[in-house]
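To convert, note that position 171 of the sequence shown is 171 in UniProt numbering; the numbers rise steadily by one, no gaps.
Below is one structure, written out as structure tokens, with a few remarks after it.
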Amino acid sequence: MPRRGAFVVIEGLDRSGKSTQASNLIQRLDDAQIPSKLIKFPDRSTPIGKLIDSYLRSETEVDDHAIHLLFSANRWELASSIVKDLEAGITVLCDRYAFSGIAFSASKVAPSDAPKPVVAEGSSIAPTHQTAPPLLPYSWCRSPDVSLPAPDLTVFLDILPEIASKRAGYGNERYENQEHQERVRELFSRISEEVEAEGVGRWVVLDGGLELKEVEEAIWREVREAVREGVEGELGGVKRLWD
Ligand code: NYM
Ligand code: MG
């Protein structure tokens, strides 16, 4: 059985605390002398990443299909180096991955010009955003990431969109509005079921609304276990999405 680094992904809604936790985690891995590397998607430093950055800041308009493919291409740019690092025994920690790609794109709906219906508080009538048809089919959103290296562990930091929206810095970029984030959260839940059904590594949901330190400890427990499995050869070779 090959010994290798663990591929760990942190996912969540915007402002769920991913980036903070990722940098704390890399520090803990360092302190434990576990060779590790932190990467982040979108990687805004490459030419493709710069285009994505400009799109996210609403400086550029890009067709929804095209931007989805660019997000995926931005991962493919790093795919072989991820595998190389894992095989060299380096634990790769990744802040967002293909699951964000699917969740944020498949949750897009056509902007509605129609005025919103007035719904009384506590009413069971579904709000408009739940009935609007998706712009991009789910299976289409999934396909460009097929065959990317599969994570061994995905930690999903779950937070209510309403709580996230109150955190500092929220709302500056495209997609950072509660309605979209509600749909993204539903999509993540669907993705987690598929990850489990298809055995694409482990998917762990942690409460991102807890105290920072508590979340950090919970993540650390999961990651330490994944690292151990890698060192002891239990993870096997690097798998691919969605083999
Ligand atoms: N995002 C991220 C996508 O729409 N597709 C993707 O494939 C990825 C990786 O970009 N709102 C979205 C999610 C975020 C935004 O990410 C920027 P971050 O982590 O806030 O820089
Ligand atoms: Mg963000």
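All C-beta atoms in this analysis are idealised placements derived from N, C-alpha and C, irrespective of residue type, glycine included.
Model, not experiment: these values are computed from the prediction.
Residues near Ile159 by beta carbon distance below 7 Å, same chain, minus five either side = Looking up residue 159 in the sequence shown gives position 159. Counting only Cβ-Cβ distances below 7 Å, and skipping sequence neighbours, we find Gly12, Leu13, Ser16, Gly208 and Gly209.
DSSP beta-bridge partners for Cys94?
-> Counting from one through the sequence shown, the residue named residue 94 turns up at place 94. The partner list for Cys94 (beta bridge, DSSP) reads Val9 and Ile39.
Report the three-state DSSP secondary structure of Thr20 (helix, strand or coil).
-> For the purposes of this step, residue 20 is identified with residue 20 of the sequence shown, where counting begins at 1. Note: Thr20 maps to helix in three-state DSSP.
Can you pull every residue whose C-beta falls closer than 6 Å to some heavy atom of the ligand HEM, listed in chain order?
-> Although the ligand HEM was asked about, the structure shown includes only the ligand NYM and the ligand MG as ligands.
Tell whether a beta-carbon distance below 7 Å holds between Ala106 and Leu136.
-> Residue numbering aside, residue 106 sits at position 106 when the sequence shown is read from its first letter. Residue numbering aside, residue 136 sits at position 136 when the sequence shown is read from its first letter. A contact, by the Cβ cut-off of 7 Å.
Going by CA-CA distance only, name the one from Ile34, Val146, Ser23 and Arg174 that's closest to Ile102.
-> As a first step, residue 102 must be located in the sequence shown, where it is residue number 102. Nearest option by C-alpha distance: Val146.
Who are the near neighbours of residue 246 in its chain, counting only those whose CB is closer than 7 Å to its CB and skipping five residues on each side?
-> Nothing in the structure corresponds to residue 246, since the chain is present only between 1 and 243.
Is the Cβ-Cβ distance between residue 245 and Tyr97 less than 7 Å?
-> Coverage of the chain is limited to positions 1 through 243, which leaves residue 245 absent and any answer about it impossible.
Please report how far the alpha carbon of Val174 lies from the alpha carbon of Met1, in whole angstroms.
-> Numbered from 1 along the sequence shown, position 174 holds the residue referred to as residue 174. Numbered from 1 along the sequence shown, position 1 holds the residue referred to as residue 1. What sits at residue 174 in the sequence shown is Arg, not Val. Taking the straight line joining both Cα atoms gives about 44 Å.
Flag this pair as touching only if the stretch 148-163 and the stretch 190-208 have three or more C-beta atom pairs under 8 Å; answer yes or no.
-> yes
Mind checking whether Ala79 and Pro133 have CB atoms under 7 Å apart?
-> Looking up residue 79 in the sequence shown gives position 79. Looking up residue 133 in the sequence shown gives position 133. Using a Cβ distance threshold of 7 Å, Ala79 and Pro133 do not count as a contacting pair.
Cut-off 7 Å between Cβ atoms - residues of its own chain near Arg44, not counting five sequence neighbours on either side = Working through the sequence shown from its first residue, we reach residue 44 at position 44. Answer for Arg44: Lys50, Ile52 and Asp53, listed in chain order.
Any idea what DSSP makes of Asp85, helix, strand or coil?
-> In the sequence shown, residue 85 corresponds to position 85, counting from 1. Looking at Asp85 - three-state DSSP - the assignment turns out to be helix.
Which of helix, strand or coil does DSSP assign to Val238?
-> Position 238 of the sequence shown, counting from 1, holds the residue named residue 238. The answer is coil: DSSP assigns Val238 none of H, G, I, E or B.
Buried/exposed call for Gln183, threshold 16 Cβ in 10 Å | Position 183 of the sequence shown, counting from 1, holds the residue named residue 183. One point to set straight first is that residue 183 is Arg, not Gln, in the sequence displayed. Arg183 is buried by the Cβ-count criterion.
Alpha carbon to alpha carbon, how far is Gln33 from Trp140?
-> Within the sequence shown, numbered from 1, the residue matching residue 33 stands at position 33. Within the sequence shown, numbered from 1, the residue matching residue 140 stands at position 140. Rounded to the nearest angstrom, the two C-alpha atoms are 41 Å apart.
Taking the alpha carbon of Trp220 as the point to measure from, which residue in Gly236, Pro111, Leu29 and Phe188 has its own alpha carbon closest?
-> Within the sequence shown, the letter at position 220 stands for residue 220. Of the listed residues, the one whose Cα sits closest to Trp220 is Leu29.
Would the C-beta of Phe7 count as close to the ligand NYM, meaning under 6 Å from any of its heavy atoms?
-> The count along the sequence shown starts at 1 and reaches residue 7 at position 7. No; taking the cut-off as 6 Å, the Cβ of Phe7 has no heavy atom of the ligand NYM nearer than that.
Return the residue from the list Pro47, Val223 and Lys213 that minimises the CA-CA distance to Thr20.
-> Numbered from its first residue, the sequence shown carries residue 20 at position 20. Residue Lys213 is the option with its Cα nearest to Thr20.
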